[in-house]
Amino acid sequence: MTTDVIMPKLGESITEGTILEWKKNIGDSIQRDETILEISTDKVDSEVPSPASGILLEILYKTNETVPVGEIIARITDSNDEKLPKVENNQTISDKKSNIDETISLEESFDEKKCETDNYDFDNKRRFFSPLVKSIAKKEGVSQAELSDIKGSGHNSRVNKNDILSYIKQKKQLNSESFNDFDIDNDTNVNNQIPSYNQEVSNSSNEIEPMSHIRKMIAKHMIESRDTSVHVYSSNEVDMTSIVNFRNNNKKSYDLKYDTSLTFTPFISRAVIKAINEYPLINCSIVEENINHNKNINMGIAVALPDNNLIVPVIKNSEELNFLGLTRSTNDLANRARLGSLNPDEAKGSSFTITNPGIFGSLFGMGIINQPNVAILSVGSIHKRPVVKETDFGDVIVARSMMYLTLAYDHRIIDGAYGTKFLRKIKELLEKFSFDEIEL
Numbered sequence: 271m272t273t274d275v276i277m278p279k280l281g282e283s284i285t286e287g288t289i290l291e292w293k294k295n296i297g298d299s300i301q302r303d304e305t306i307l308e309i310s311t312d313k314v315d316s317e318v319p320s321p322a323s324g325i326l327l328e329i330l331y332k333t334n335e336t337v338p339v340g341e342i343i344a345r346i347t348d349s350n351d352e353k354l355p356k357v358e359n360n361q362t363i364s365d366k367k368s369n370i371d372e373t374i375s376l377e378e379s380f381d382e383k384k385c386e387t388d389n390y391d392f393d394n395k396r397r398f399f400s401p402l403v404k405s406i407a408k409k410e411g412v413s414q415a416e417l418s419d420i421k422g423s424g425h426n427s428r429v430n431k432n433d434i435l436s437y438i439k440q441k442k443q444l445n446s447e448s449f450n451d452f453d454i455d456n457d458t459n460v461n462n463q464i465p466s467y468n469q470e471v472s473n474s475s476n477e478i479e480p481m482s483h484i485r486k487m488i489a490k491h492m493i494e495s496r497d498t499s500v501h502v503y504s505s506n507e508v509d510m511t512s513i514v515n516f517r518n519n520n521k522k523s524y525d526l527k528y529d530t531s532l533t534f535t536p537f538i539s540r541a542v543i544k545a546i547n548e549y550p551l552i553n554c555s556i557v558e559e560n561i562n563h564n565k566n567i568n569m570g571i572a573v574a575l576p577d578n579n580l581i582v583p584v585i586k587n588s589e590e591l592n593f594l595g596l597t598r599s600t601n602d603l604a605n606r607a608r609l610g611s612l613n614p615d616e617a618k619g620s621s622f623t624i625t626n627p628g629i630f631g632s633l634f635g636m637g638i639i640n641q642p643n644v645a646i647l648s649v650g651s652i653h654k655r656p657v658v659k660e661t662d663f664g665d666v667i668v669a670r671s672m673m674y675l676t677l678a679y680d681h682r683i684i685d686g687a688y689g690t691k692f693l694r695k696i697k698e699l700l701e702k703f704s705f706d707e708i709e710l
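271 is the number of the first residue of the sequence shown in this note's numbering; add one for each residue after it.
If you want it as structure tokens, here you go:
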């Protein structure tokens, strides 16, 4: 008896996953609920448990392949299954794997012959195309002939999502070139028209390291944001002395009473929520040429991970939470993000984002907007420094706990006056924070 291992649906919005690493090889024994592979969905990496005990018979997709949710990615067989190749006592492990590979090849050959009766997902070259690939091809106007000519990098040279998206991107780039840019009379190769940027690499001194999947996703999102939003920045300094004093005086008792840490983040989040209620355009998103007015404030909190990557877990409907709720949600999401145990849906759907380079000692930061948001708030470190204060007896120099806030906003829909007023409102709310709403 064989059991299928399928690409799991780890969240409502998840449609596919990328295989990061197979924890088991073909022929390895495995226990039910033991980790069989690691996958990545957008920014979240997850472990996939085995659905049954037995021996891994087939691996249908390789590392770094992107697979639609619900697709069979491997098969597990009972140890007594007749399909499992027998290993003689004098056989080596290498011989064992060779026998298994031969068995798998025979099964694949049988499956392909069986499928020839159904031409829906095959072309005239007998190449298989998944429903996802065919859907993308139809949407982007890729003909069956073009699809047949795409070189696949997937299992059995199948065309996967990355292959067709790469083809579509290259096709659009070529179509955007002027007709006169090509010397047709000289039969110039189109590929020669695409500039190639080769960097000389010294074999003796440089080490080339491939990007991890999550780093590729971060890089992709950053480039998309830079090319999408018109970033404008405004900064302001905030006197955090009253909040610092309150936290210092109550942190220990608050931690003991509620079993959660009292950090500065919920103070800032609370002020942002109140400011958004007064300046709701900050909480919008742009959909094509329309402005989407989000009903809820889904607060993204950027979290630095132990592997030097970044993730943005989201507090959904943050405006409905009191101060304690914000504190617990922030700490819970941040802790689980660092442990790699977030649900993929918990890192999606933000309408505004807060990032805090200040925890690493930075005075201020200039954030990249988390798409499809139209603004992101960067929080600097809190430092004591001399500040001039006006009194009834004249100006005096006093030591105050000061912090810089920097707002990045999308100039397509938010002008400087609106963005600056929003930032000033946050400053006012923090400097005159209402401590009465915090139960001690």
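Positions of the beta carbon are idealized from the N, C-alpha and C atoms, including for glycine. Note that this is a predicted model, so its numbers are computed, not measured.
Legend entry - Alpha-carbon to alpha-carbon, A545 and N461: Walking along the sequence shown from the start, residue 461 turns up at place 191. Walking along the sequence shown from the start, residue 545 turns up at place 275. The pLDDT assigned to N461 is 47, lower than 50, so where the model puts this residue is not dependable, and the model offers no usable value.
Legend entry - Enclosing beta strand (DSSP E) for M672 [first to last residue]: As a working note, residue 672 is residue 402 in the sequence shown. Unbroken beta strand (DSSP E) run through M672: 664-680.
Inset, instruction - For G610, collect the residues of the same chain with a Cβ closer than 7 Å to its Cβ; drop the 5 residues on either side in sequence, then sort them by chain order. - result: If you number the sequence shown from 1, residue 610 lands on position 340. Same-chain partners within the cutoff: D315.
Inset, instruction - Grab me the residues of L612's own chain with a C-beta within less than 8 Å of its C-beta, minus the 5 sequence neighbours each way, in chain order. - result: Counting from 1 along the sequence shown, the entry for residue 612 is found at position 342. Around L612: V314, I581, P583, L603, R606.
Legend entry - Extent of the continuous alpha helix (DSSP H) to which T623 belongs: By 1-based counting over the sequence shown, the position of residue 623 is 353. For T623, there is no enclosing alpha helix (DSSP H); the residue is part of the beta strand (DSSP E) that begins and ends at 622-625.
Inset, instruction - Just the C-alpha distance for I493 and Q641, rounded to the nearest angstrom, thanks. - result: Taking the sequence shown and counting its residues from 1, the one referred to as residue 493 is at position 223. Taking the sequence shown and counting its residues from 1, the one referred to as residue 641 is at position 371. I493 and Q641: Cα-Cα distance of roughly 11 Å.
Inset, instruction - Drop a sphere of 10 angstroms on the beta-carbon of P465, count the other beta-carbons inside from all chains shown, and report buried for 16 or more, exposed for fewer. - result: Along the sequence shown, one-based indexing puts residue 465 at 195. Because the pLDDT at P465 is just 49, under 50, the model does not fix this residue reliably, and the value given afterwards should be weighed accordingly. By the neighbour-count definition (other C-beta atoms within 10 Å, threshold 16), P465 is an exposed residue.
Inset, instruction - State whether the segment 692-702 contacts the segment 495-513, with contact taken as three or more CB pairs (one from each stretch) at a distance under 8 Å. - result: By the C-beta criterion, the segment 692-702 is judged to be in contact with the segment 495-513, since at least 3 inter-stretch pairs fall below 8 Å.
Legend entry - Opening and closing residue of the alpha helix (DSSP H) in which M510 lies: Taking the first residue of the sequence shown as 1, we reach residue 510 at position 240. M510 -> no alpha helix (DSSP H), and no H or E assigned at all.
Legend entry - Proximity below 8 Å, CB of E701 to CB of F593: As a working note, residue 701 is residue 431 in the sequence shown. As a working note, residue 593 is residue 323 in the sequence shown. Not in contact: E701 and F593 (Cβ atoms no closer than 8 Å).
Legend entry - Range of the contiguous alpha helix (DSSP H) that encloses M636: As a first step, residue 636 is located in the sequence shown; it is residue number 366 there, counting from the start. Here M636 belongs to no alpha helix (DSSP H), and DSSP marks it neither H nor E.
Inset, instruction - Kindly indicate if chain C contains any beta-carbon less than 8 Å away from that of V429. - result: Protein chains in the displayed structure number just one, and chain C is not present.
Inset, instruction - Quick one: grab the DSSP three-state call for T535. - result: Reading the sequence shown from its first residue, position 265 is the one you call residue 535. Here T535 sits in helix by DSSP.
Inset, instruction - Could you please give the first and the last residue of the uninterrupted beta strand (DSSP E) stretch that includes I346? - result: In the sequence shown, residue 346 corresponds to position 76, counting from 1. 342-347 is the span of the beta strand (DSSP E), which, as asked, contains I346.
Inset, instruction - Tell me whether I297 sits in a helix, a strand or coil according to DSSP, three-state version. - result: As a position in the sequence shown, residue 297 is number 27, starting the count at 1. With the sequence shown as reference, residue 297 is identified as Gly, and Ile is not the correct amino acid for it. Per DSSP, reduced to three states, the secondary structure at G297 is coil, with no helix or strand assignment.
Legend entry - Beta-carbon proximity list for L585, same chain, < 6 Å, skipping 5 on both sides: As a first step, residue 585 must be located in the sequence shown, where it is residue number 315. Looking at the sequence itself, residue 585 is Ile, so the reference to Leu does not match. For I585, same chain residues with a beta-carbon under 6 Å away, outside a window of 5 residues either side, are M569, S599 in chain order.
Legend entry - Ordered list of beta strand (DSSP E) runs contained in the segment 531-617, each at least 3 residues: Note on the segment 531-617: whole beta strand (DSSP E) runs with a minimum of 3 residues are 555-557, 560-562, 569-571, in chain order.
Inset, instruction - Measure the C-alpha to C-alpha separation of K293 and K654 and round it to an integer number of angstroms. - result: Position 23 of the sequence shown, counted from the first residue, corresponds to residue 293. Position 384 of the sequence shown, counted from the first residue, corresponds to residue 654. Each residue's alpha carbon lies about 50 Å from the other.
Legend entry - Inter-residue Cα distance where the pair is G281 and G340: Taking the first residue of the sequence shown as position 1, residue 281 is located at position 11. Taking the first residue of the sequence shown as position 1, residue 340 is located at position 70. Annotation: G281 to G340 spans about 12 Å, alpha carbon to alpha carbon.
Inset, instruction - Report yes or no: do the segment 495-505 and the segment 658-665 share at least 3 C-beta pairs separated by less than 8 Å? - result: As far as the Cβ criterion goes, the segment 495-505 does not touch the segment 658-665, which means the pair count is below three.
Legend entry - Candidates R345, D274, S495, R485, of which the one nearest T311 by Cα: What you label residue 311 is simply residue 41 of the sequence shown in a count that begins at 1. Measuring C-alpha to C-alpha distances from T311 to each of R345, D274, S495, R485 identifies R485 as the nearest.
Inset, instruction - Find the nearest neighbour of D680 within the set N566, S555, I629, A574, judged by alpha-carbon distance. - result: On the sequence shown, position 410 is the one that residue 680 refers to. It is S555 whose Cα lies nearest to the Cα of D680.
Inset, instruction - Just grab the DSSP bridge partners of Y503 for me. - result: On the sequence shown, residue 503 is found 233 positions in, with the first residue counted as 1. A678.
Inset, instruction - To the nearest angstrom, report how far apart I561 and T498 are at their CA atoms. - result: Within the sequence shown, numbered from 1, the residue matching residue 561 stands at position 291. Within the sequence shown, numbered from 1, the residue matching residue 498 stands at position 228. For the pair I561 and T498, the Cα-to-Cα distance works out to about 14 Å.
Legend entry - Whether R302 touches L327 by CB criterion (8 Å): Position 32 of the sequence shown, counted from the first residue, corresponds to residue 302. Position 57 of the sequence shown, counted from the first residue, corresponds to residue 327. For R302 and L327, no; Cβs fall outside 8 Å.
Legend entry - Per DSSP, cross-strand counterpart(s) of T333: As a position in the sequence shown, residue 333 is number 63, starting the count at 1. Note: T333 sits in no beta bridge, so no partner.
Legend entry - Pair within 8 Å by beta-carbon distance, V403 and K439: As a working mapping, residue 403 is identified with position 133 in the sequence shown. As a working mapping, residue 439 is identified with position 169 in the sequence shown. Contact flag unset, no.
Legend entry - Cutoff 6 Å; reference S671; Cβ partners in own chain excluding five residues on either side: In the sequence shown, the residue the question calls residue 671 occupies position 401. Taking S671 as the centre and dropping the five residues before and after it, the same chain places the C-beta of M510, T511, V514, I652, K654 closer than 6 Å to its C-beta, in chain order.
Legend entry - Which of helix, strand or coil DSSP assigns to D312: Residue 312 sits at position 42 when you count from the first residue of the sequence shown. Here D312 sits in coil by DSSP.
Inset, instruction - Spatial neighbours of I343 within its chain, please: CB distance less than 8 Å, with the 5 preceding and 5 following residues excluded, ordered by chain position. - result: Counted from its first residue, the sequence shown places residue 343 at position 73. So the qualifying residues of the chain are V275, I276, M277, I289, L307, I329, L330, Y331, V337.
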